[in-house]
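Asks: Numbering (the working numbering), first residue to last: 32 to 112. No residue lacks a Cβ here, since even glycine has one placed at the ideal position from N, Cα and C. Shown below is the structure under consideration.
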Amino acid sequence: EIMKGSVIYQDILQKGERKGEIKEGLKLVMLLLNQRFPNLEERLTNKIETLSLNDIEDLAMSLLEFKDINDLDAWLDYPEL
């Protein structure tokens, strides 16, 4: 009980939760992308796996508008556009 109140414990807990959110976000985005664009190139997958949680969320919304794999490739080069 005392541990739960410590700053270090809270920091570790938050980092773990964040990693879990990223992992689940990646899982969903990869599922959607593989459905839309089967056999994604490894270089694209590698780029996706380095995204922050915010970028993963943005990608999830943006992929609805992608016409082809080139749109994904361009987005990964410039996710802030």
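1) Please identify the residue among Q45, R67, G36 whose C-alpha is closest to the C-alpha of D99.
2) With a threshold of 16 other CB atoms inside 10 Å of the CB of G36, please say whether the residue is buried or exposed.
3) Is DSSP giving T81 helix, strand or coil here?
4) Determine the direct distance from the alpha carbon of V60 to that of A91, and round the result to whole angstroms.
Replies: With the structure as the only source:
1) Here residue 99 refers to the residue found at position 68 of the sequence shown. Comparing Cα-Cα distances from D99 to each of Q45, R67, G36, the minimum goes to R67.
2) As a working note, residue 36 is residue 5 in the sequence shown. G36 is exposed by the Cβ-count criterion.
3) Indexing the sequence shown from 1 puts residue 81 at position 50. Of the three classes helix, strand and coil, the one that applies to T81 here is coil, per DSSP.
4) Looking up residue 91 in the sequence shown gives position 60. Looking up residue 60 in the sequence shown gives position 29. If you take the alpha carbons of A91 and V60, they lie about 6 Å apart.
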